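> Number 384 in UniProt numbering belongs to position 384 of the sequence shown; there are no gaps in the numbering.
Glycine included, every Cβ here is placed at the ideal spot set by N, Cα and C.
Remember, predicted model here, so these are calculated numbers, not experimental data.
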Amino acid sequence: MQPRRFRPSGPLKGRIRVPGDKSISHRAIMLSALAVGESRISGLLEGEDVLATAAAMRAMGASVERIDEGQWRVHGVGAGALLQPRGPLDMGNSGTSTRLLMGLVASHPISASFVGDASLSQRPMGRVIEPLTRMGAQVSASEGGRLPLILRGASPAVPITYRLPVASAQVKSAVLLAGLNTPGITTVIEPVPTRDHSERMLKGFGADLDVTVEADGTRVIAIRGEAELRPQAIDVPGDPSSAAFFLVAALLVPGSDIVIENVGLNPTRAGLVTALRQMGGAIEAQNPREVGGEPVADLRVRHSALTGIDVDPAIAPSMIDEFPALFVAAALASGTTTTSGLDELRVKESDRLAVMATALAAAGARIDEREDGLVIEGTGGDPLPGTPDAIATHLDHRIAMSMAIAGLASRQGIEVDDTRPIATSFPVFEAMLDGLVA
Numbered sequence: 001m002q003p004r005r006f007r008p009s010g011p012l013k014g015r016i017r018v019p020g021d022k023s024i025s026h027r028a029i030m031l032s033a034l035a036v037g038e039s040r041i042s043g044l045l046e047g048e049d050v051l052a053t054a055a056a057m058r059a060m061g062a063s064v065e066r067i068d069e070g071q072w073r074v075h076g077v078g079a080g081a082l083l084q085p086r087g088p089l090d091m092g093n094s095g096t097s098t099r100l101l102m103g104l105v106a107s108h109p110i111s112a113s114f115v116g117d118a119s120l121s122q123r124p125m126g127r128v129i130e131p132l133t134r135m136g137a138q139v140s141a142s143e144g145g146r147l148p149l150i151l152r153g154a155s156p157a158v159p160i161t162y163r164l165p166v167a168s169a170q171v172k173s174a175v176l177l178a179g180l181n182t183p184g185i186t187t188v189i190e191p192v193p194t195r196d197h198s199e200r201m202l203k204g205f206g207a208d209l210d211v212t213v214e215a216d217g218t219r220v221i222a223i224r225g226e227a228e229l230r231p232q233a234i235d236v237p238g239d240p241s242s243a244a245f246f247l248v249a250a251l252l253v254p255g256s257d258i259v260i261e262n263v264g265l266n267p268t269r270a271g272l273v274t275a276l277r278q279m280g281g282a283i284e285a286q287n288p289r290e291v292g293g294e295p296v297a298d299l300r301v302r303h304s305a306l307t308g309i310d311v312d313p314a315i316a317p318s319m320i321d322e323f324p325a326l327f328v329a330a331a332l333a334s335g336t337t338t339t340s341g342l343d344e345l346r347v348k349e350s351d352r353l354a355v356m357a358t359a360l361a362a363a364g365a366r367i368d369e370r371e372d373g374l375v376i377e378g379t380g381g382d383p384l385p386g387t388p389d390a391i392a393t394h395l396d397h398r399i400a401m402s403m404a405i406a407g408l409a410s411r412q413g414i415e416v417d418d419t420r421p422i423a424t425s426f427p428v429f430e431a432m433l434d435g436l437v438a
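#1: Using a Cβ-Cβ cutoff of less than 7 angstroms, which residues in the same chain neighbour Leu149 once the five nearest sequence positions on both sides are dropped?
#2: Is the segment 253-264 in contact with the segment 295-303, if contact means three or more CB pairs nearer than 8 angstroms?
#3: How is Gly61 classed by DSSP in three states: helix, strand or coil?
#4: Name the two residues that bound the continuous beta strand (DSSP E) containing Gly264.
#5: Who pairs with Thr186 in a beta bridge, going by DSSP?
#6: Is it the case that the Cβ atoms of Val259 and Gly43 are separated by a distance below 7 angstroms?
#7: What does DSSP give as the partner residue(s) for Phe114 in the beta ladder?
#8: From the DSSP output, in three-state form, read off Glu38 for me.
#9: In terms of residue numbering, what span does the alpha helix (DSSP H) encompassing Lys348 cover?
#10: Hey, quick one: how far does the beta strand (DSSP E) through Gln138 stretch, first residue to last?
#11: Scan the segment 154-184 and note each continuous beta strand (DSSP E) run of 3 residues or more that stays entirely inside, going in chain order.
#12: Sorted by chain position, which residues of the same chain lie with C-beta nearer than 7 angstroms to Arg27's C-beta, five sequence neighbours on each side aside?
#13: Alpha carbon to alpha carbon, how far is Gly116 from Glu415? Give it in angstroms, no decimals.
#14: List the endpoints of the continuous beta strand (DSSP E) containing Thr336.
#15: For Val301, report the span of its beta strand (DSSP E) as first-last.
#16: If you draw a straight line from the alpha carbon of Glu371 to that of Asp343, how long is it in whole angstroms?
#17: If you draw a straight line from the C-alpha of Arg346 to the C-alpha of Asp321, how long is it?
#18: So which of Thr307, Ala316, Gly184 has the shortest CA-CA distance to Val192?
#19: Just to confirm, are Leu209 and Leu34 a CB contact at a threshold of 7 angstroms?
#20: Could you tell me the alpha carbon to alpha carbon distance between Gly10 and Val253, rounded to whole angstroms?
#21: Does the beta-carbon of Gly179 have 16 or more other beta-carbons within 10 angstroms, so that it is buried, or is it exposed?
#22: Does the Cβ of Ala244 have 16 or more other Cβ atoms within 10 Å, making it buried, or fewer, making it exposed?
#23: Please work out which residues of its chain come closer than 6 angstroms, Cβ to Cβ, to Ile67, disregarding the five sequence neighbours upstream and downstream, and give them in chain order.
#24: What is the residue span of the alpha helix (DSSP H) that Leu100 lies within?
#25: Nearest by alpha-carbon distance to Ala233: which of Leu89, Ser39, Arg17, Gln2 is it?
#26: Here's the rule: buried if 16 or more other CB atoms are within 10 angstroms of the residue's CB, otherwise exposed. What is Leu374?
#27: Need the endpoints of the beta strand (DSSP E) that Val211 sits in, please.
#28: Taking the alpha carbon of Gly145 as the reference point, which residue from Ala154, Ser155, Thr133, Pro156 has its own alpha carbon closest?
#29: Does the Cβ of Asn93 have 16 or more other Cβ atoms within 10 Å, making it buried, or fewer, making it exposed?
#30: Spell out the partners DSSP gives Gly14 in its beta bridges.
#31: Given a threshold of 16 other Cβ atoms within 10 Å of its Cβ, counted over all protein chains shown, does Glu290 qualify as buried or as exposed?
#32: Candidates His75, Met57, His108, Gly341: which alpha carbon is nearest Pro88's?
#33: Does the beta-carbon distance from Thr387 to Leu332 come in below 7 angstroms?
#34: Are Val18 and Ser242 touching if we call contact CB-CB under 7 angstroms?
#35: Could you give the distance in angstroms between the alpha-carbon of Asp239 and the alpha-carbon of Lys22?
#36: Give the C-beta separation of Pro324 and Arg269 to the nearest angstrom, bearing in mind that I take them to be a contact with Cβ-Cβ under 8 angstroms.
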């Protein structure tokens, strides 16, 4: 355990650039490994989750090597040519790696054993197992559809039309990746739009993919299998999920004025910015541009008096990983913030509704935990009292970073029981935070 007390320490000032987007980094490595030839990736997030993906693709035959900080080179083997891994694929704490790689393996004539840490081994994989078994894959999983599990791919796999029962970019992506090496057309029907990085990147690599939007907003995504992907040069934009903590910190700490450079603002990921602006947050997008098919801007963020809102459940998929940070903002806003439709948060690295409710309550916030969300009565801008003892993060990196930010807006500070999990997605978080408040 590596505990740390995060204390109030004055305004945040300066310019920062957060690490590359984790979702895009995962997909960049996977698709580069399925393209024949050499791809170059710049700005890759070098957190433990992404490194687990890189190790898995090496184990299945691709050459994945680091050239310099954030600079990587991948020699792919081609779709359909993944090799049988010699040992288990260790996913660490990464649910994204697990679910997307299960999709890749499902349409290859190989079998793979997936293992993970204690936290990942508690997360259900059933929502991915169900469509992949319909495509012909065979899965032997632990009780409750959990890791460790063994997946035996089908050759050839069977194309399916699959309607997502819940909004999940990971399930959608797993089916599309399985469809890459499946004869015919595999279709995913998405009633509620989720992050579309997979669709954008698949098209960029040359996959035959078509997206249509029906009158009610339902997205129908069809991919033609047995694809031949072309190697690419990929520039990964800054991760909005990592930027989230600094957005909230600058809004809450009086006198703060920072610029977060090169933040990805894909509409399917920008829900937190929308919600914080609705609360009165001063967030200005500067130098908007497009990088590798993804919208990007520099965000200037200044301290603001926030007001509680009812968060529209429709934007939840576009900020699902950012809710812990939003809960902190709500705890210091004026009035009440109500969130709902957040059942997905109960099956993340931790039960993020229960864990954040407990942690914020321990720090002095007024929280009402409901089945699918939290109702938070804000302090009106007054600092939270803080915690005399360490709060439990349950090995969840986003809980640790969210409560670190809360500590900056408290009277006596907030102690986080273990900062080690932060390395899964944001290894330089503490150093970057310390630099802004120095």
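Let me lay it out:
#1: Counted from its first residue, the sequence shown places residue 149 at position 149. Same-chain partners within the cutoff: Phe114, Met125, Val139, Ser140, Ala141, Ser142.
#2: Under the Cβ criterion (8 angstroms, minimum of three pairs), the segment 253-264 counts as touching the segment 295-303.
#3: Counted from its first residue, the sequence shown places residue 61 at position 61. In the three-state reduction of the DSSP assignment, Gly61 falls in the coil class, being assigned neither a helical nor a strand state.
#4: As a first step, residue 264 is located in the sequence shown; it is residue number 264 there, counting from the start. Gly264 -> beta strand (DSSP E) spans 257-264.
#5: What you label residue 186 is simply residue 186 of the sequence shown in a count that begins at 1. According to DSSP, Thr186 bridges with Ile223.
#6: Taking the sequence shown and counting its residues from 1, one reaches residue 259 at position 259. Taking the sequence shown and counting its residues from 1, one reaches residue 43 at position 43. No Cβ-Cβ contact shorter than 7 angstroms links Val259 with Gly43.
#7: Position 114 of the sequence shown, counted from the first residue, corresponds to residue 114. Listed as beta-bridge partners of Phe114 by DSSP are Leu89, Leu149.
#8: Locating residue 38 in the sequence shown gives position 38, where the first residue counts as 1. Shown here, Glu38 sits in a strand according to DSSP, grouped into three states.
#9: Looking up residue 348 in the sequence shown gives position 348. Where Lys348 is concerned, there is no enclosing alpha helix (DSSP H), because DSSP gives it neither an H nor an E.
#10: Numbered from 1 along the sequence shown, position 138 holds the residue referred to as residue 138. Where Gln138 is concerned, the enclosing beta strand (DSSP E) stretches over 138-142.
#11: Taking only runs of at least 3 residues, the beta strand (DSSP E) segments lying wholly in the segment 154-184 are 161-163.
#12: Along the sequence shown, read from residue 1 onward, the residue named residue 27 stands at position 27. For Arg27, where only same-chain residues beyond five positions count, the Cβ hits under 7 angstroms are His197, Ser198, Met201.
#13: Residue numbering aside, residue 415 sits at position 415 when the sequence shown is read from its first letter. Residue numbering aside, residue 116 sits at position 116 when the sequence shown is read from its first letter. CA-to-CA, the gap between Glu415 and Gly116 works out to about 27 angstroms.
#14: Your numbering for residue 336 matches position 336 in the sequence shown. Where Thr336 is concerned, the enclosing beta strand (DSSP E) starts and stops at 336-338.
#15: Start at 1 with the first residue of the sequence shown, and residue 301 comes out as number 301. Judged by DSSP secondary structure, Val301 falls within the beta strand (DSSP E) whose first and last residues are 294-302.
#16: As a working note, residue 371 is residue 371 in the sequence shown. As a working note, residue 343 is residue 343 in the sequence shown. A straight line joining the alpha-carbon of Glu371 with that of Asp343 spans about 7 angstroms.
#17: Here residue 346 refers to the residue found at position 346 of the sequence shown. Here residue 321 refers to the residue found at position 321 of the sequence shown. If you draw a straight line from the Cα of Arg346 to the Cα of Asp321, it comes to about 12 angstroms.
#18: The residue labelled residue 192 in the question sits at position 192 within the sequence shown. Val192 has its Cα closest to that of Ala316, out of Thr307, Ala316, Gly184.
#19: Working through the sequence shown from its first residue, we reach residue 209 at position 209. Working through the sequence shown from its first residue, we reach residue 34 at position 34. Taking a C-beta distance under 7 angstroms as the contact criterion, Leu209 and Leu34 do not qualify as a contact pair.
#20: Start at 1 with the first residue of the sequence shown, and residue 10 comes out as number 10. Start at 1 with the first residue of the sequence shown, and residue 253 comes out as number 253. Distance between the alpha carbons of Gly10 and Val253: 7 angstroms.
#21: Within the sequence shown, residue 179 is the residue found at index 179, counting from 1. Under the 10 Å beta carbon count, Gly179 is surrounded by 16 or more other beta carbons and is classified as buried.
#22: Here residue 244 refers to the residue found at position 244 of the sequence shown. Counting the other Cβ atoms within 10 Å of the Cβ of Ala244 gives 16 or more, which makes it buried.
#23: Position 67 of the sequence shown, counting from 1, holds the residue named residue 67. Excluding residues up to 5 positions away in sequence, Arg73 lie with their Cβ nearer than 6 angstroms to the Cβ of Ile67 in the same chain.
#24: In the sequence shown, the residue the question calls residue 100 occupies position 100. Run containing Leu100: 95-106, per the alpha helix (DSSP H) assignment.
#25: Position 233 of the sequence shown, counting from 1, holds the residue named residue 233. Of the candidates Leu89, Ser39, Arg17, Gln2, the one whose C-alpha sits nearest the C-alpha of Ala233 is Ser39.
#26: By one-based count along the sequence shown, residue 374 stands at place 374. So Leu374 counts as buried.
#27: Translated into the one-based positions of the sequence shown, residue 211 becomes position 211. For Val211, the uninterrupted beta strand (DSSP E) run begins and ends at 209-213, by DSSP.
#28: Translated into the one-based positions of the sequence shown, residue 145 becomes position 145. Among Ala154, Ser155, Thr133, Pro156, the Cα nearest to that of Gly145 belongs to Thr133.
#29: Position 93 of the sequence shown holds residue 93. Under the 10 Å beta carbon count, Asn93 is surrounded by 16 or more other beta carbons and is classified as buried.
#30: Position 14 of the sequence shown holds residue 14. Beta bridge pairing from DSSP links Gly14 with Ile258.
#31: Counted from its first residue, the sequence shown places residue 290 at position 290. Exposed: under 16 other Cβ atoms inside 10 Å.
#32: Within the sequence shown, numbered from 1, the residue matching residue 88 stands at position 88. Answer by Cα proximity: Met57.
#33: The residue labelled residue 387 in the question sits at position 387 within the sequence shown. The residue labelled residue 332 in the question sits at position 332 within the sequence shown. In this structure, the beta-carbon distance from Thr387 to Leu332 does not fall below 7 angstroms.
#34: Locating residue 18 in the sequence shown gives position 18, where the first residue counts as 1. Locating residue 242 in the sequence shown gives position 242, where the first residue counts as 1. The answer is yes: Cβ separation under 7 angstroms.
#35: One-based indexing of the sequence shown puts residue 239 at position 239. One-based indexing of the sequence shown puts residue 22 at position 22. C-alpha separation (whole angstroms): 6 angstroms.
#36: Within the sequence shown, residue 324 is the residue found at index 324, counting from 1. Within the sequence shown, residue 269 is the residue found at index 269, counting from 1. Under the criterion of beta carbons closer than 8 angstroms, Pro324 and Arg269 do not qualify as touching, at roughly 16 angstroms.
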